[in-house]
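Trainee:
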Amino acid sequence: MNPSRKATDALTKDQLSAVQTTEGHVRVVAGAGSGKTRTLVARYAHLTGALGVPQSDILCLTFTNKAAQEMRARIADLTPGGSVGDFVSTIHGFCVKFLREEIYRLGYPQNYLIFDAEDMKTVIKEVLEENGIARRSGIVGNYLDELAVYKAATPYIARYVVPTQTPGEVPLLAQMILRQRRYFALDFDDLLFFTLHILNNFPAVRERWQQQFQYVMVDEVQDCDKPEWELFTILSGAYGNLFIVGDADQAIYEWKGAHPELFVSYAPDTDIYLKENFRSRPNIVALADAVIKNNKNRLPRTSVTMRRSDGFRTVWHHCRNERLEAGTLAATLKELHDGYGFRWSDAAVLYRATYLSRAIEQALMAEKVPYVIWGGVRFFERKEIKDALAYLRLVAMDDDVAFKRIANVPSRKIGKKTMELLQGYAAAKGCSLLTALSGSGVAARNPAAGRLAELVAEARSLMDASSIAALLEWLLDRSGLLEQYRVDTEEERLENLQELVKSVRLYEEDNRNEEELSLRTYLQDVALYTNADYRKDDEKVKLMTVHQAKGLEFPVVWIYGLNEGVLPSHRTVRERGEAGLEEERRLMYVACTRAKDRLYLSDSEGFNVQNSLAKFPSRFIREAADECGPLYDVEGPVGPELWRGTGRLIAGLDAPAPPSAPLFAPGARVKHTVFGPGTVLESDPDAGTVRVRFDSFGVRRLAAGVLEECPENS
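Count along the sequence shown from 1, add 2, and you get the number used in our numbering.
(1) DSSP has V351 in a bridge; who is on the other side?
(2) In the DSSP assignment, find the unbroken alpha helix (DSSP H) run with E363 in it and report its ends.
(3) Under 8 Å, do F100 and T197 count as touching if we go by C-beta distance?
(4) Beta carbon of I601, beta carbon of I286: below 8 Å?
(5) Which residues in the same chain as R537 place their Cβ atom closer than 7 Å to its Cβ, once the five residues preceding and following it in sequence are excluded?
(6) Rank S571, L583, V164 by C-alpha distance to the C-alpha of N610 and give the top, closest one.
(7) What are the boundary residues of the beta strand (DSSP E) that includes Y591?
(8) Can L603 and L589 be called in contact, C-beta distance under 8 Å?
(9) On the three-pair Cβ rule with 8 Å, is the region 28-35 touching the region 233-253?
(10) Go ahead and pull the three-state DSSP assignment for S309.
(11) Please classify S614: is it buried, with 16 or more other beta-carbons within 10 angstroms of its beta-carbon, or exposed?
(12) Check S58 in the structure and name its three-state DSSP category.
(13) Would you kindly report the start and end of the unbroken alpha helix (DSSP H) that includes A12?
(14) Pick helix, strand or coil for F381, following the three-state DSSP scheme.
(15) Tell me whether the region 664-681 and the region 112-121 touch, counting them as touching only if at least three CB pairs, one residue from each stretch, are closer than 8 Å.
(16) Apply the 10 Å Cβ neighbour rule to C226 and answer buried if 16 or more other Cβ atoms are within range, or exposed otherwise.
(17) Counting only runs of 4+ residues fully inside the region 108-174, write out the alpha helix (DSSP H) ranges in chain order.
(18) How should G654 be labelled, buried or exposed, when 16 other C-beta atoms within 10 angstroms of its C-beta is the threshold for buried?
(19) Taking three-plus beta-carbon pairs below 8 Å as touching, is the region 289-303 in contact with the region 627-635?
(20) Please go through the same chain and pick out, in chain order, the residues whose beta-carbon is closer than 6 Å to the beta-carbon of P262, but skip the five residues on each side of it.
(21) Cα separation between S2 and I416?
(22) Using only CA atoms, which one of P165, H319, I135, Y562 lies nearest to L358?
(23) Counting C-beta neighbours from all protein chains within 10 Å, is the total for P619 16 or more, i.e. buried, or is it exposed?
(24) Is it a yes or a no for the region 469-481 touching the region 505-525, going by three-plus beta-carbon pairs under 8 Å?
(25) Considering only the alpha carbon of each residue, which of A455, I387, K542, N113 lies closest to N498?
(26) Mind checking which residues open and close the beta strand (DSSP E) that includes R600?
(27) Which term fits K258, buried or exposed, when burial requires 16 or more other beta carbons within 10 angstroms of its beta carbon?
(28) At which residues does the beta strand (DSSP E) containing E637 begin and terminate?
(29) Which runs of the beta strand (DSSP E), 3 residues or longer, sit entirely within the region 296-345?
(30) For the beta strand (DSSP E) that A717 lies in, which residues bound it at each end?
(31) Pick from V374, A404, V397: whose alpha carbon is nearest that of K385?
(32) Just to confirm the assignment: which complete alpha helix (DSSP H) runs, minimum length 4, are found wholly within the region 186-266?
(33) Taking a contact to mean a Cβ-Cβ separation below 8 Å, would you say D402 touches S434 in this structure?
(34) Measuring alpha carbon to alpha carbon, tell me which of R395, Q212, Y152 ends up nearest Y185.
(35) Given that a residue counts as buried once 16 or more other Cβ atoms are within 10 Å of its Cβ, and exposed if not, what is Y106?
(36) For W346, which of G329, R360, R102, L366 has the nearest alpha-carbon?
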């Protein structure tokens, strides 16, 4: 059968229209569970099969590695020989590929490094130390946030990265950028900004990449920020064939810079709505739609469920206290497992804030319900995994950050004074710390340190002839890492390292046809991995925040802690007004639409210490109704006084704020009675607050009225 025919046979009328509308700017509004991945894959197959477009001429961008992997696998099922083009990836994954070819124009090598948040904290600590600034973890975290804001707001690449001569006096944040440049390292934000800088400043490069892609397709556009919109707008500039898929009702990352209004206000040549919901039972779809219709910043639509009702209605459990709420949850999940045949892994418990998981965990343990917290330490952020990858990085390139991480892992008696000696030698000679290890004489005086240099040299001699997985196994053994964890009987760390080796083998298998497969490309790619891409499907109940549930689905979903002030978060609504409330409502919509068969809602009475509010039901529970009444059954005593309490909280939130003090412009010098002098970073007129970096107390967000101007030289 023709692959494109196979791909389109099972499509709905609207999906088929999205597949066959190939020319021009096309916007697809795809509601939850509407089969958008199936549609994107079918469109890809239609372009390559029916139209004969080479795979290399199609750029298909997704938001997560997991979505990209799923799309690649499904495309492979529809193409002869299971081939998939090089350009089905995440946005950042595309930038990595682009920069491998083009970053030399900025004086960087092809095997540039990608630093994650922990690596960047190391860079920041180095710069702070050189400037005599205390490097407490809170301060380092604040500077990490500031650096991201600075990069987004200034032409830092033109100002500090490209010039061969740095300007005279360099601000602290710019010093961090220059330190990155010394390491030839990019963070995640740099990947996008470097790509845009090259496209905007090298016309021949821009034209070549525009001519490369006849068709550009982008998924989850509602979660894209302005630089990401700029990227795919540029890349589709030659042929004008831009196909964007999204759902403003599922835009939950506005607080991270996403701009769903760009999707809502977009003026395409063709609009297509995917209205059918293939995921959820009718009662779940009706409830979710009843809540989200209260938002104004959206593209109005009504979902049509394609699944039959099984007679089960959503249940709202209102409980007298938090202990009973958590206990009801645990008992219900146990009943579904023992009495109705649901697997533990069929269920997910979603909450707005992580502190809510404490009571849930206690209740699940009491009922002996196995569970896993989805938001635990990420696999690729675990100490033993970062140590192992640091060895690979040191083999691939003279990486000073990696050297500092593993110089004493396991112990080689390289103390603080020895490290200072190495750094001094490296600075004087303009070489790496690894080179300094031999040149400075440290290796000769310290046999254990000398063996590190020998280990790296031998690994480099094996690199080209060995698979990455085999090289990693060799390093883990010869470095002494495995032996250290065996002696310390740290079985979990040993298991994680074994899992890392397995994941490398899988990476090599998935990329066996890639011409550029190498240790260096692996290290660039793995820097973009997240837990969602790696997580094993354990036979356990999943506990996670609503944000972490985005893109997932479960037969059973329990939305826990549905109290006014929690979901919606009153802090979000206070800070961002109506826009914040609409995003909180979208969170509720996303939470509901993760459920396939069973949806439970719960709240409890009492007092919430975290937000200092009495606990009353969320307004979103009340909104979950149609003209016939609530779209759920109620378990627990719910009287009118409860809803009056909710109303009082809403009225207090909506009450006019007292006249706010005038705000200060970014860069202004201000003074606080306790924190002393500082510099304003940003002002929020809606909230009446300013964000200030105090000279001695780090970054704080405060009401503008508690600050006063101070002289420039204070």
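Backbone N, C-alpha and C fix where the C-beta goes; we use that ideal spot for every residue, glycine too.
Mentor: Per the coordinate set shown:
(1) Beta-bridge pairing by DSSP links V351 to L545, W560.
(2) Note, E363: alpha helix (DSSP H), 359-368.
(3) Yes, they are a contact pair.
(4) Per the sequence presented here, residue 601 reads as Leu, with Ile not at that position. Taking 8 Å as the Cβ cut-off, L601 and I286 qualify as a contacting pair.
(5) Note that R537 scores a pLDDT of 49, beneath 50, so its modelled location is shaky; the value from the coordinates is reported in the next line. Hits under 7 Å: none found.
(6) S571
(7) That residue, Y591, is in no beta strand (DSSP E); its alpha helix (DSSP H) goes 572-594.
(8) no
(9) In short, these stretches touch, since the Cβ pair count reaches three.
(10) Residue 309 is actually Arg in this sequence, not Ser. In the structure shown, R309 sits in coil (DSSP, three-state: anything other than H, G, I, E or B).
(11) exposed
(12) helix
(13) That residue, A12, is in no alpha helix (DSSP H); it is neither H nor E in DSSP.
(14) Reduced to three states, the DSSP call for F381 is helix.
(15) no
(16) buried
(17) If we require 4 residues or more, the alpha helix (DSSP H) runs fully inside the region 108-174 come out as 119-132, 139-155.
(18) exposed
(19) yes
(20) Q224, A250, A253
(21) Within the shown structure, residues of the chain are numbered from 3 to 716, placing residue 2 beyond reach of any answer.
(22) Y562
(23) The residue in question, P619, is buried, as its Cβ has 16 or more Cβ neighbours within 10 Å.
(24) yes
(25) I387
(26) Where R600 is concerned, the enclosing beta strand (DSSP E) stretches over 597-606.
(27) exposed
(28) 635-637
(29) If only complete runs of 3 or more residues are kept, the region 296-345 shows the beta strand (DSSP E) at 317-321, in order along the chain.
(30) With the chain covering only 3 through 716, there is no way to say anything about residue 717.
(31) A404
(32) Entirely contained in the region 186-266, the alpha helix (DSSP H) runs reaching 4 residues are, in chain order, 190-203, 205-214, 228-237, 262-266.
(33) yes
(34) R395
(35) exposed
(36) Measuring from the Cα of W346, the nearest candidate turns out to be L366.
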